[in-house]
Amino acid sequence: MNPFLAIDLPALLIAIAASIACALPGSLLVLRGQALMGDALSHMVLPGIVVAFLATGKISSGPMLLGALAAGLIGAGLIALVRRAAKLEPSAAMGLVFTIMFALGVVLLETEAARKVDLDLNHALYGHLEAALWLEPAIWSDLLTPAIWLTAPRPLLMLVPVALVLGLLLVLTFKELRIASFDPDYATLQGFRPRLIDFALTAATTLAAVAAFEAVGSILVIALLTCPAAVARLCTDRLATHITLSVVFATVIALVGYNSAAALETSGSGTMAAVGGLAVGLAVIVRRLRLHARPPAAGPGTGPDSAVQPLRPGSV
Amino acid sequence: MRLGRAPWLAMILAVFGAFSARAAVPPTVVATIAQIGQPLGVIAGDCARVESLLGEGVDPHLYQPTRADMKRLLAADLVLANGHNLEAGLHRALAALAERGKVLYIAETIGQERLLPWSDHHSDPHVWMDPTLWRDALTVGVARVAALVPACAQAMTARAMAFFAEMDALDAYAKAAIASIPADTRMLVTAHDAFAYFGRRYGIELQGVQGISTESEAGLARIEEMVRLLVDRKVPAVFVETSVSDRLVRALIEGAGAAGHTVRIGGTLYSDAMGAPGSYRGTIIGMLDHNTTSIARALGGQATGFSPQLAKD
Amino acid sequence: MLDALLLSAGYNAAVAMIGATLLGIAAGPVGVFMLLRRRALLADAASHATLPGVVLAFLASLWLTGEGRSLPILLLGAGGAAALGVLSVQALQAHSRLSNSTSIAVVLSAGFGLGVMGLSYVQTLPIAGQAGLDQFLVGQTAGMRLSDAYLIAGVAGVLVLTVAAFFKELRLISFDPDFAAAAGWPVQRLDLLANGLLLATVVVGLTSVGLILIVAMLIIPAVTARLWTQKLDRMALLAAILGGVSAYTGAAASAAFHHLPTGATIVLAAGVLFALSLPFAPLSRPRRAPQVLEPPA
């Protein structure tokens, strides 16, 4: 058996697919001040998992995945509702909703049926990148047979369509997204509905996150939704470039992280998340150095500003 | 940093078709948890190389699979796992290898009727807590290892007989030790319910403060109820576990103290992880001996320890 | 329920109710400042960032004392790592144009990732005592002891006094940091003070009531208070009251009824107060709503 084909190829492919699936919605989330959506989702899925168990009596990934998806969508809807009703910034609304939903999950865990069963998220939902072995291709040329790809590990078969659908959606709605992201009032005038776009983005994020939770675990999803987009944010003001760079950086972070993990013999997800943080730190330093080199033309958003800086409308 | 482990190098090697030739003997058996790997290692002796993915002190809840672990699984001639969702983090890798017939889930070889149900197709996975069940599960594992090295079968059977005789003796010791606890105080109070098989086998009542999941949390009504139980039944000791925070149990002690009844910590029990590698408590027999003896002594029973090593380590 | 509300459901219930209530009172005003500074989830990032500190402290403690689980060393590691996390968020904000929520998310994921890396390294070492390492310092409300309640009382007292003493300065940086900076106020140092208050709340909260409850106590009462008033002094006072009331009633319910985990029930009680406020509070009506907390479109 070829260890690269069995271990590294599926892990790398899953990592890349997860990177793309998360970086696409993540790039927009970061622009909208919703970077913590991944963390919120990782907590909000708990009641969905427990209800799925209580309803079916099964510890199997099918119903639990559906339960997690449903809970994620409900939570995302509640966040949007609370934001509007209480006029809150996104992270405050997320904190409010995810702590309440997680608490609900903890209460459900103490019911008689769930009490004696190991239903914690690490056991029931969150997967590990490394555990996706692919034993079918014995030699490289096997990969040329289309049928062999149907035997690929399930996380890959799930994440690739999710990434493709998200990419297609983004391309098709790019114009609307751009306007809705930077000028919701104008968008409404133009007949677009920013709320609809908000909802579509949230649903897409939830889908990508839950699919990726099951494949690579929560920590990597939170990192992939945030770090690549943060690096891209430091590089460009153009929306299209920002999204493209997010996807590129996500892939680079995944590849560098995986190889570092292999060399250090540590967890792939944890190492990739740490590499993501490192990438943001490096980007901040490089940007500071470059701005020092040519200070006057720095433009807006270079000072110690704590608010989300809108992209320059003219440049988008 | 070992560059030889980098996947790029592995890829280059693979491209050039440089496969390492496998040594003929002895076969490599990888156990997921040390509760399987340690006894199997003793029984296999020189006949097979037995390793455990999760070392003696590692908690399955915290375990993070790494690429190095996957290589060990892939290189193994046989993988022995517990099953019943204990190795949730390794589930996918084990399922893939199981399709090739390389994995034996030893706890799943035991009939459902002898296990405690969790859900419609999973049972409580902590089967090693009952040495009679675990002996039967290990027997199936030993047979599979022996099939890999037919020349060794006889020697392995002899060692297995000796080991299982020791487990039977441990079972008899545990039965006597727990039975020597006065009926009123024969109650095992821990943070969470991980000792179900132990309780059923030796007839000791179990009271866990909270559910078994890592996310579960205790309620005050339950704490007060357990404090009253400790006071009313005059239970002298409660127990902490190596893998769970001791705060809840210490709160029970303080609550009972406020009601005028002194309770102490009867010892630290091994639930999912075992003791330090290389020590007596890092073996399956030592771990069960430690649990049984601590419980019996602290609750007013008679227990001298199954092995003199318990006092030494 | 009446028994529980009158603190006569038993010793443990009384200790937990008093401790949680004091923590709720102290966390309320701290949460208000965090909310106004758009750092609602900084507590979450700080809590997640404790993990690499705990792992390092475990190894250090093993090396120094031969025993991995030395409580003071582990606490030191957790506190140090949480402080480093908060400082990193502050540094990212000061030296880049990343928004608060992005900086917080980056530190949260990188900190937790480092922790997971550390755990995966420790599991390869032949040592006992590593089981349950991630949860070792994390407390549960129902398991509160008198010593925890005393510690909370002390820290809560210091927090409330500090907020009172620096109220004017904290108000300035909460509503208009740019003006405060232009007027010559040491905004960075005042931020450090606000973050220090948060850090104290997080470390005490994490070890006595656990992660979810401390994050909730810092957010939900503050958000609810902001529905009722725009004046900062009233908002802080109201958040303290709401935090205290949620903790008291939540803990009492958990003592009175079975199958109600204490911390989770307190979160739900705070959520109920928020939900009740939403339709009635003056500032949640669309027209008169303040735009202060909306991100610039």
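Chains as they are written, first to last, in my numbering: chain D, 39 to 354; chain F, 30 to 342; chain L, 19 to 315.
Where is the CB? At the ideal position from N, CA and C, for every residue including glycine.
Could you pull out every residue in the same chain whose Cβ sits closer than 7 Å to the Cβ of residue i, ignoring the five residues on either side in sequence?
i, result
"L181(D)", "P175"
"L116(L)", "L110"
"V88(D)", "G143, L146, L147, A152 and L157"
"M158(F)", "F224, Y226 and F227"
"A246(D)", "A59, C60, P63, V200 and L204"
So, does the CB of residue i fall closer than 8 Å to a CB anywhere in chain D?
i, result
"K341(F)", "no"
"L116(L)", "yes"
"Q93(F)", "yes"
"N114(F)", "yes"
"A60(F)", "no"
"A191(F)", "no"
"V134(L)", "yes"
"E244(F)", "yes"
"A97(F)", "yes"
Would you mind sorting residue i into buried or exposed? The rule is 16 or more other CB atoms within 10 Å of its CB.
i, result
"R51(F)", "Its pLDDT being 40, under 50, R51(F) is placed unreliably in this model, and the coordinates cannot settle the point."
"A258(L)", "buried"
"S245(F)", "buried"
"D21(L)", "exposed"
"K154(D)", "buried"
"R57(L)", "buried"
"I238(L)", "buried"
"S82(L)", "Here residue 82(L) turns out to be Leu, not Ser, going by the sequence shown. Its Cβ having fewer than 16 others within 10 Å, L82(L) is exposed."
"L202(D)", "exposed"
"V324(D)", "exposed"
"A325(F)", "buried"
"E85(L)", "exposed"
Could you say which of the options lies nearest to residue i if we only look at CA atoms?
i, options, result
"L217(L)", "L255(L), W246(L), A34(L) and G49(L)", "G49(L)"
"G232(F)", "L119(F), I139(F), A206(F) and S242(F)", "A206(F)"
"V200(D)", "Y164(D), I52(D) and P41(D)", "I52(D)"
"G147(L)", "T297(F), D318(F), F335(F) and R326(F)", "T297(F)"
"R96(F)", "I291(D), A300(D) and P101(D)", "A300(D)"
"T39(L)", "V176(L), V285(L), S264(L) and A274(L)", "S264(L)"
"G228(L)", "G237(F), Q236(F), Y134(F) and T243(F)", "T243(F)"
"G306(D)", "P89(F), P94(F) and V58(F)", "P94(F)"
"A61(L)", "L25(L), N118(L) and P204(L)", "N118(L)"
"N160(D)", "Y139(L), T142(L) and V134(L)", "V134(L)"
"S138(L)", "G170(F), V178(F) and G118(F)", "G118(F)"
"W178(D)", "I323(D), V324(D), P41(D) and R325(D)", "P41(D)"
"G97(L)", "L74(L), E85(L) and S114(L)", "L74(L)"
If we cut at 8 Å on Cβ distances, does residue i have a partner in chain F?
i, result
"P41(D)", "yes"
"V241(L)", "no"
"A312(D)", "no"
"T363(D)", "Residue 363(D) lies beyond the stretch modelled for chain D, which goes from 39 to 354, so this question has no answer here."
"A299(D)", "yes"
"T183(D)", "no"
"I97(D)", "yes"
I want to see whether chain L comes within less than 8 Å of residue i, judged by CB atoms only; does it?
i, result
"V89(D)", "no"
"A180(F)", "no"
"T322(F)", "no"
"R328(D)", "no"
"I252(F)", "yes"
"A114(D)", "no"
Please return the same chain residues whose Cβ sits closer than 8 Å to the Cβ of residue i, not counting the five positions on each side in sequence.
i, result
"R163(L)", "V33"
"T283(L)", "G268, A269, A271 and S272"
"S65(L)", "A100, V220, L224, L229, I232 and V233"
Bridge partners of residue i, per DSSP?
i, result
"R293(F)", "A266(F)"
"R78(F)", "T57(F)"
"E234(F)", "M216(F)"
Check the Cβ-Cβ distances between residue i and every residue of chain C, and say whether any is below 8 Å.
i, result
"R153(D)", "No chain C is part of this structure, whose protein chains are labelled D, F and L."
Leaving out the 5 sequence neighbours to the left and right, which residues in its chain are closer than 6 Å to residue i when beta-carbon positions are compared?
i, result
"L206(D)", "none"
"A254(L)", "P47 and V50"
"S295(L)", "T242 and L245"
"T244(D)", "G110, L111 and A114"
"D77(D)", "I260"
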